[in-house]
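>
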Amino acid sequence: MKWCKIVCGGDVVFIRSLKVKIPAIIIILALISILLTAFVSYDLFTKKIRQQIIDKNETISNTTSDQVSQYLSDAKGVIEYLARNINVKDMDKVKREIDKAYIGYHWIDVVFFMSPEGKIVYSKPHNDIIYERSYLDRDYYNYVMKEKSSYISKVFVGSIVKQPHIMIAVPIIDPITNEVEGIIGGGVPLRAIKKIVNKAYEIYDGDIYVIDTNTKALVSPHDNVYEKMYLKRNVNIDGKTMDLKELAQTYERGTGDYKKDFSNVYISFNKIKNYDGMIIVEKDEKSILDEINVIKSKFLSYLLIILSLILILSISLANSIVRPIKDLVNYTRKISDNIDKDVLNTKDIKLNNNSEIRELEISFRNMAIELYKKIVAFKLMHKREKNLRKYLDNILKSAGSGVIVINYHGKVAIFNKAAQNITGIKSKEIVNKSSDQLLKLLGLSEGMISLKNKKSIEGEFVINNIQNKEIPVDIVISPVLDEDKEIVSIVCILRDLTRIKLLEKELKIKDRLETMGQLSSAIIHEIGNPLAGMTNLLEVLKDNIEEENVREDIISALNDEVDVLNNMVINFLDFTRLSKTERVDANVYHIINSALSILNSQIKYKMIRIIEEISPNIPTIRIDPMGMRQVIVNILKNSIQAVGEYGIIHVKVGPTENNHVEIRIRDNGNGIKKEMIDKIFNPLFTTKEEGNGLGLYVVHNIVIENGGSITVNSEEGKYTEFVLNFKGE
34 MKWCKIVCGG DVVFIRSLKV KIPAIIIILA LISILLTAFV SYDLFTKKIR QQIIDKNETI
94 SNTTSDQVSQ YLSDAKGVIE YLARNINVKD MDKVKREIDK AYIGYHWIDV VFFMSPEGKI
154 VYSKPHNDII YERSYLDRDY YNYVMKEKSS YISKVFVGSI VKQPHIMIAV PIIDPITNEV
214 EGIIGGGVPL RAIKKIVNKA YEIYDGDIYV IDTNTKALVS PHDNVYEKMY LKRNVNIDGK
274 TMDLKELAQT YERGTGDYKK DFSNVYISFN KIKNYDGMII VEKDEKSILD EINVIKSKFL
334 SYLLIILSLI LILSISLANS IVRPIKDLVN YTRKISDNID KDVLNTKDIK LNNNSEIREL
394 EISFRNMAIE LYKKIVAFKL MHKREKNLRK YLDNILKSAG SGVIVINYHG KVAIFNKAAQ
454 NITGIKSKEI VNKSSDQLLK LLGLSEGMIS LKNKKSIEGE FVINNIQNKE IPVDIVISPV
514 LDEDKEIVSI VCILRDLTRI KLLEKELKIK DRLETMGQLS SAIIHEIGNP LAGMTNLLEV
574 LKDNIEEENV REDIISALND EVDVLNNMVI NFLDFTRLSK TERVDANVYH IINSALSILN
634 SQIKYKMIRI IEEISPNIPT IRIDPMGMRQ VIVNILKNSI QAVGEYGIIH VKVGPTENNH
694 VEIRIRDNGN GIKKEMIDKI FNPLFTTKEE GNGLGLYVVH NIVIENGGSI TVNSEEGKYT
754 EFVLNFKGE
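34 is the number of the first residue of the sequence shown in our numbering; add one for each residue after it.
1) Measuring straight from C-alpha to C-alpha, what distance separates residue 612 and residue 472?
2) So if DSSP puts residue 699 in a beta bridge, which residue, or which two residues, is it bridged to?
3) Please list the terminal residues of the continuous beta strand (DSSP E) segment that includes residue 198.
4) Helix, strand or coil for residue 640 per DSSP?
5) Using the Cβ count rule (16 or more neighbours within 10 Å means buried), how would you classify residue 468?
6) In angstroms with no decimal places, state the Cα-to-Cα distance between residue 232 and residue 100.
7) Can you tell me whether residue 70 is buried or exposed? The criterion is at least 16 other CB atoms within 10 Å of its CB, across all chains shown.
8) From the DSSP output, in three-state form, read off residue 266 for me.
9) Can at least three beta-carbon pairs, one atom from the segment 291-304 and one from the segment 204-222, be found at a separation below 8 Å?
10) Terminal residues of the continuous beta strand (DSSP E) containing residue 299?
11) So, residue 286 versus residue 303, is the Cβ gap smaller than 8 Å?
12) Report the three-state DSSP secondary structure of residue 693 (helix, strand or coil).
13) Mapping the DSSP letters down to three states, classify residue 616 as helix, strand or coil.
14) Identify whether residue 505 lies in helix, strand or coil by the three-state DSSP scheme.
15) From residue 488 to residue 517, what does the alpha carbon distance come to, in whole angstroms?
16) Note the first and the last residue of the continuous alpha helix (DSSP H) segment covering residue 651.
17) Taking the straight line between their C-alpha atoms, what separation do you get for residue 680 and residue 672?
18) Restricting to Cα atoms, I'd like to know which of 246, 662, 319 is closest to residue 283.
19) Once you ignore the five residues that flank residue 377 on each side, which residues in its own chain have a CB closer than 6 Å to its CB?
20) Out of 164, 165, 168, 203, which one is the CA nearest neighbour of residue 180?
21) Is DSSP giving residue 180 helix, strand or coil here?
22) For residue 657, count neighbouring Cβ atoms within 10 angstroms of its own Cβ and tell me buried if that reaches 16, exposed if not.
23) If you follow the alpha helix (DSSP H) that residue 667 is in, where does it begin and where does it stop?
24) Can you tell me the Cβ-Cβ gap for residue 315 and residue 90, rounded? I've got them flagged as a contact below 8 Å.
25) Taking the alpha-carbon positions, what's the residue 53 to residue 63 distance?
26) In three-state terms, what does DSSP make of residue 222?
27) How many angstroms separate the CA atom of residue 529 from the CA atom of residue 497?
28) According to DSSP, simplified to helix, strand and coil, what is residue 166?
29) In the DSSP assignment, what residue or residues form a beta bridge with residue 215?
30) If I'm right that residue 140 touches residue 108 with Cβ under 8 Å, what's the distance once you round it to whole angstroms?
31) To the nearest angstrom, report how far apart residue 307 and residue 87 are at their CA atoms.
32) With three or more C-beta pairs closer than 8 Å as the rule, is the segment 692-709 touching the segment 749-760?
33) In this structure, does DSSP put residue 150 in helix, strand or coil?
34) Kindly indicate which three-state DSSP category residue 155 falls into: helix, strand or coil?
35) Would you check if the segment 156-163 and the segment 222-237 touch, i.e. whether three or more CB-CB distances between them fall below 8 Å?
36) For residue 274, which residues in the same chain have their Cβ closer than 6 Å to its Cβ, ignoring the five residues on either side in sequence?
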């Protein structure tokens, strides 16, 4: 309704805004598409041009290097041919051959014959300076005389032609003595190499340099640079930066780049195979920008034309969309005015002729009908839910057990009247508080109620009410799962066990009194036997009072009968005492050691071997230590009596599953008959002549009172084993 008033009312601002938004959105999308395309194209185009520069540089450097190398090889071949065909003894022929070579090979600017003493005898062209100086200091002279092989020198300015050139020197070897008879030299002018470089400029617009190993520029784009310019570059190659000298020492050829005036310069280099020099070809990245600027100016013109066409088309499209939408808005306004009524009466509303909008109008009308039905159904469901909630609230209030509901946020959602009565906590004080706060108030362990635990918990616990009074309760904690097996809430049921525990205590006292009555009758009967024996012994003693041996035997027998009566009375008193023990957290290890200490003399007397197997990780157990020691003493007494001399008693203590502690006491005595095992815990049942049948009965009662269990395993003639089990803390 609110939406319709905003959209449908007044001047129909929404409709008017579409006339602007649709063209704007289309233009923006088109502009974004064009700019993205331009950006991607620019990136690809830049990369392509950059790669073309690198490839072109590499091609030019390789081609130029090969041409220079071939040029020097051809010149060297000519000089070597001349040296092989000259006889130094015929100087006229030497001069004719030099003249012929100089005239025939235009790429050589000087040819000469030098004597072994370093004097130029003849040269073409001629210069009188050859008569004035010695050439012993030339590197080519020293190399040829020492190595007796051809040599190509570095560039230097010759004394004959006064121009920089590369000197090729070849020795004339005497075939008999193998001595150098002279040197034929030929100069390759630097201008000839520059011609090779200039020819490359016909197809290349970058810079080409020819440098020697000292990075001296022999040929460069700048005129007359020889003896003036050393090329300095810090080239990035293979992730390293090195100057040209390091580059020449490390690589034969390669490509890299360096920075110049905040711009990248791409460089390719290639060593000249038969000369200590290198061809450097480089091109600035600025050339890429010049090409892109030309494309950019054309692109802007095209962009303006495209945007103008898009604007016209988008305005036309906006009008074609907005007009039927305006009709649809009017139609929906009529439906919204009747939404709380029977919308079936809107059949008389005229539908739009536009097929798409007509479909929308029909859909809106059907939606309104369905919406009206759902509103009616929702109101009815809401009423039912309200009644159901009241019904459930009444059930929870009248329930005898405490009901606590924890929602999926971990907060207390429901805390019924019975829960309030048991805990003393008011509902308004705990609702919407966390479950951990509730557990803390009740004195229960944290994490007992967890939205991560999908298992139910059930057991008896002791809680503290608001007055800090201990209340025994039975608690059942159950998670409520949804269809996906996820916890949506937790329900806790509390049942007050105070009255039940009082009744149990009364029943225990009543049962104990009944048992005591039965025991009293049995004991009175049992006492008769030793008393009759004692009377007979006293009569014998009267008749033999003077005989010392007889007297001592009778007194010893009387002591035995008194011990029987004493044990019977002690066991009876152990049983008859009311349970006023206090259970505390105790370590079983100390209790077992104390019991063994009490029986140490009996163990030593029969030379019994005690094997202790006690785990170091035993949980403490909540028991009465004195009562527990009596249990261990009584069981060990039975084992001591059951085994013979050198017998073995095995005491094993360790943890079990669910945090329980298990005590096993096993002897290698005669064992117990199968039919008697179920009776050994009955009062007055014994298998020994001197027994009174109360020891194991007392043991059983103390174990049960301390919340444990006791079982017996035995095989006649082999062993007897008592197994005690207690819950660990």
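Using N, Cα and C, we set each Cβ at its ideal position, and we do this for glycine too.
Nothing here was measured: the structure is a model prediction, and the numbers come from that model.
The short version:
1) Interpretation of residue 612 is limited by its pLDDT of 49, a score under 50 that renders its predicted location unreliable; the figure taken from the coordinates is listed afterwards. Distance between the alpha carbons of residue 612 and residue 472 is about 31 Å.
2) 683, 754
3) 197-206
4) coil
5) buried
6) 11 Å
7) exposed
8) coil
9) no
10) 296-304
11) yes
12) strand
13) coil
14) strand
15) 16 Å
16) Where residue 651 is concerned, there is no enclosing alpha helix (DSSP H), given that its DSSP letter is neither H nor E.
17) 9 Å
18) 246
19) Residue placement at residue 377 cannot be trusted, given a pLDDT of 49 that sits under 50; what the coordinates show is reported in the next sentence. Contacts found: none.
20) 203
21) helix
22) buried
23) 658-675
24) 7 Å
25) 16 Å
26) strand
27) 12 Å
28) coil
29) 205
30) 6 Å
31) 25 Å
32) yes
33) coil
34) strand
35) no
36) 267
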